[in-house]
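Residue numbers (our numbering): -15 to 183.
Yeah, the Cβ is synthetic: ideal placement off N, Cα and C, and Gly gets one too.
Quick caveat, the model's predicted, so the values are computed rather than measured.
Here you go:
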């Protein structure tokens, strides 16, 4: 079946794209990139050489995925969100040997215009609100907003906000269910898990 690209898109020799992935207008995929199946790169997306993107990933318009970024399966990258790979850039100082690796774990959502500062891990099914600036690791299922981003709650795998506080006081277990699917979750301190033990 193979992947599909618009005539205006550029996919360099050596790039690996999975079946069913679509590359839209004016996008550029560098030769070292590896991209899974059934994904979508919107208009004006750039993907660097040292980039790994899983299957089912949706990258919206005007996103640049620079070297040292790994995106796992089923991640959503909203329009014009930003990745970085150098923590303290200077135009006159070469720092390509100092790239900090960034990991976006499966099922996470990165809202429109948010920024993920290099060197962090965004946990599975986390939800980063529009315009937020992520400067440190984000737990699984965490709902993060603001500049700098702070945790204000928790999200289900289905993308629904759970009726839980940002943390359980004293480490006492608290439980809630997804309003869309009924899946049950338990919060202990700063850790949210599904009751069947998976994230």
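- Message: Quick check: what's the CA-CA separation for residue 57 versus residue 20?
- Response: 8 angstroms
- Message: With a threshold of 8 angstroms, are at least 3 pairs of Cβ atoms found where one atom belongs to the stretch -11 to -4 and the other to the stretch 6 to 15?
- Response: Because the criterion of three Cβ pairs below 8 angstroms is met, the stretch -11 to -4 and the stretch 6 to 15 touch.
- Message: Helix, strand or coil, according to DSSP, for residue 164 in the structure here?
- Response: coil
- Query: At which residues does the beta strand (DSSP E) containing residue 139 begin and terminate?
  - Reply: Residue 139 -> no beta strand (DSSP E), and no H or E assigned at all.
- Where the beta strand (DSSP E) containing residue 53 begins and where it ends: Taken as a continuous stretch (DSSP letters only), the beta strand (DSSP E) holding residue 53 covers 53 to 55.
- Cα-Cα separation, residue 158 to residue 145: The alpha-carbon atoms of residue 158 and residue 145 are separated by roughly 15 angstroms.
- Cβ pair residue 31, residue 17 closer than 8 angstroms: Yes, the Cβ-Cβ distance between residue 31 and residue 17 is below 8 angstroms.
- Cβ neighbours of residue 114 in the same chain (closer than 8 angstroms, five flanking residues each side left out): Sequence-distant Cβ neighbours of residue 114 in its own chain, meaning closer than 8 angstroms and more than five residues away, are 62, 95, 96, 97 and 98.
- Item | Buried versus exposed, by CB contacts within 10 Å (16 or more), residue 125 | buried
- Figure out for me which residue from 139, 140 and 111 has the closest Cα to the Cα of residue 130. 111
- Smallest Cα separation from residue 52: which of -13, 147, 102 and 178? For the residues -13, 147, 102 and 178, the minimum Cα distance to residue 52 belongs to 102.
- Message: Give me, in chain order, the residues of the same chain whose beta-carbon lies closer than 6 angstroms to that of residue 107; leave out the 5 immediate sequence neighbours on both sides.
- Response: 89, 122, 123 and 124
- Query: When we look at the beta-carbon of residue 147 and count the other beta-carbons within 10 Å, is it buried (16 or more) or exposed?
  - Reply: exposed
- Range of the contiguous beta strand (DSSP E) that encloses residue 128: 126 to 129
- For residue 169, collect the residues of the same chain with a Cβ closer than 8 angstroms to its Cβ; drop the 5 residues on either side in sequence, then sort them by chain order. 125, 138, 140, 146, 148, 159, 160, 161, 162, 176, 177, 178 and 179
- Item | Exposure of residue 81, with buried meaning 16 or more beta-carbon neighbours within 10 Å | exposed
- Query: Is the CB-CB distance between residue 47 and residue 24 below 8 angstroms?
  - Reply: no
- Message: On the criterion of 16 or more Cβ atoms from any shown chain inside 10 Å, does residue 78 qualify as buried, or is it exposed?
- Response: exposed
- For the beta strand (DSSP E) that contains residue 175, what are its first and last residues? 175 to 178
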